[in-house]
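Participant: Can you read through this structure? Questions will come right after.
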Amino acid sequence: MANALCHTDIYTLEGHDPEGLFPCILGHEAGCIVESVGEGVTSVAPGDHVIPCYTPQCCEYSCIFCQSPKTNLCPKIRSSQGSGVMPDGTKRFKDAEGKEIYHFMGCSTMSEYTVLAEISCAKIDPKADLDKICLFGCGVSTGLGAVWNTCKVEVNSSVAVFGLGAVGLAVIQGAAMAGASKIIAVDINPSKFEIAKQLGATDCVNPKDVEGPIQKHIAGAMTQWGVDYSFDCTGNTQVMRSALECSHRGWGTSCIIGVAASGHEISTRPFQLVTGRVWKGTAFGGFKSRTDVPVLVNRYVDGSLPIDHFITHVFDGVGETSKAIDALHGGTCLRAVVKYFE
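Right, here's the structure in full:
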């Protein structure tokens, strides 16, 4: 197993998630090899390589979510997943004293072994390096999919991306691959601008360096009437508003990707929506996990979808997990990968 740390793991670890359950095994962005399967499992077998997916896909004919092309939000095991247990209500982890440990996001991949529901396993090409394609388990897929699936960014369109962590940079990469002609990268940390430019950003701006609200600067000084598409990758509700209000009058679409803290609400003047802007959100980039993740991995293997640049830190074994957490706090880390294998 190889696991990449995501800010959602740290958010829960630090006690900010009011629905967080402890003790638990964190982790949800990983690449794994199947060690064994339970009774009735048919889609994967021992030795298969898989990516655990916190957004499952049951593929059942009776599931209106899986059958609809409009969503990827299969609810089949949502209640048990949110309760930190397996679909049958059991916990499969115990500590050294025999006390049960909760599951996390249906994945719990910050470990050498985990137990997953079959519908949470996306079977992938075994030629792909697990310590690279683990990124498709969350952040990179979310950013790319927000562009390609949720907003369907077109050639020659204009884009603004707020927040240049791994997700925001994936949005930039996805927008560049979609043919966007103007990509504005927005962050209060200018050290991130260089990689943003390497991935396709045409302009970079620090909100602290402009007079007045950043949305007015983008809609006025940097564009005419705003951008066609904007993306919030921060989870800050004030930034979400800025992203909406810099989108184009008449047809601009703003996509919320970042997850806000519990209890926070978004707001704007109704006039912003009456004048043609659309506010929407995305989960896992709209990708149907078991169907679409293998395709992303195939594109990585054939070289058409590079993602190695997101990995800035690599650690080995359970004993270095805390070092990975520290690295993610350091400000220069995009993704820290911990390899739980030889």
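For the sequence shown, the working numbering gives the first residue as 126, with consecutive numbering after it.
Note that CB positions come from ideal geometry on N, CA and C, so glycine has one too.
Would you kindly work out how many angstroms separate the C-alpha atoms of C329 and R366, rounded to a whole number?
Facilitator: Counted from its first residue, the sequence shown places residue 329 at position 204. Counted from its first residue, the sequence shown places residue 366 at position 241. Distance between the alpha carbons of C329 and R366 is about 19 Å.
Participant: Among the candidates A291, M126, V286, whose CA atom is the shortest distance from the CA of T133?
Facilitator: Mapped onto the sequence shown, residue 133 falls at position 8. Of A291, M126, V286, the residue nearest in Cα terms is A291.
Participant: Decide if F440 is buried, meaning its Cβ has at least 16 other Cβ atoms within 10 Å, or exposed.
Facilitator: Here residue 440 refers to the residue found at position 315 of the sequence shown. The residue is buried, with at least 16 neighbouring Cβ atoms inside 10 Å.
Participant: If we ignore side chains and look at the alpha-carbon of each, how far apart do W404 and C276 end up?
Facilitator: Reading the sequence shown from its first residue, position 279 is the one you call residue 404. Reading the sequence shown from its first residue, position 151 is the one you call residue 276. Distance between the alpha carbons of W404 and C276: 11 Å.
Participant: Rank M235, P194, D142 by C-alpha distance to the C-alpha of F412 and give the top, closest one.
Facilitator: For the purposes of this step, residue 412 is taken as the residue at position 287 of the sequence shown. Measuring from the Cα of F412, the nearest candidate turns out to be P194.
Participant: Provide the residue span of the beta strand (DSSP E) that contains T378, from first to last.
Facilitator: Translated into positions along the sequence shown, residue 378 becomes position 253. Unbroken beta strand (DSSP E) run through T378: 378–381.
Participant: Would you check if the distance between the CB atom of L324 and the CB atom of A303 is smaller than 8 Å?
Facilitator: As a working mapping, residue 324 is identified with position 199 in the sequence shown. As a working mapping, residue 303 is identified with position 178 in the sequence shown. In this structure, A303 does not lie closer than 8 Å to L324 by Cβ.
Participant: If you drop the 5 nearest sequence neighbours on each side, which residues of the same chain put their C-beta closer than 8 Å to that of E237?
Facilitator: One-based indexing of the sequence shown puts residue 237 at position 112. Result list for E237: M126, V443, Y465, F466, in chain order.
Participant: With DSSP as the reference, label G299 as helix, strand or coil.
Facilitator: The residue you call residue 299 lines up with position 174 of the sequence shown. Here G299 sits in helix by DSSP.
Participant: Kindly identify the DSSP beta-bridge partner or partners of Y465.
Facilitator: Translated into the one-based positions of the sequence shown, residue 465 becomes position 340. None; Y465 has no bridge partner.
Participant: Spell out the partners DSSP gives A247 in its beta bridges.
Facilitator: The residue given as residue 247 occupies position 122 in the sequence shown. Answer by DSSP bridge pairing, in chain order: I176.
Participant: Go ahead and pull the three-state DSSP assignment for N128.
Facilitator: For this step, residue 128 is matched to residue 3 along the sequence shown. Of the three classes helix, strand and coil, the one that applies to N128 here is strand, per DSSP.
Participant: Whose C-beta lies closer than 6 Å to the C-beta of C184 among residues of the same chain, with five residues either side of it excluded?
Facilitator: In the sequence shown, counting from the first residue as 1, residue 184 sits at position 59. For C184, where only same-chain residues beyond five positions count, the Cβ hits under 6 Å are C191.
Participant: Per the DSSP calculation, Y186 is bridged to which residue(s)?
Facilitator: As a working note, residue 186 is residue 61 in the sequence shown. None, per the DSSP bridge assignment.
Participant: Less than 8 Å between the beta carbons of A295 and A310, yes or no?
Facilitator: As a position in the sequence shown, residue 295 is number 170, starting the count at 1. As a position in the sequence shown, residue 310 is number 185, starting the count at 1. Going by C-beta atoms, A295 is not nearer than 8 Å to A310.
Participant: Quick test of your reading: M211 and S204, contact by CB under 8 Å. State the CB separation rounded to the nearest angstrom.
Facilitator: The sequence position of residue 211 within the sequence shown is 86, counting from 1. The sequence position of residue 204 within the sequence shown is 79, counting from 1. The Cβ separation is near 12 Å, so there is no contact.
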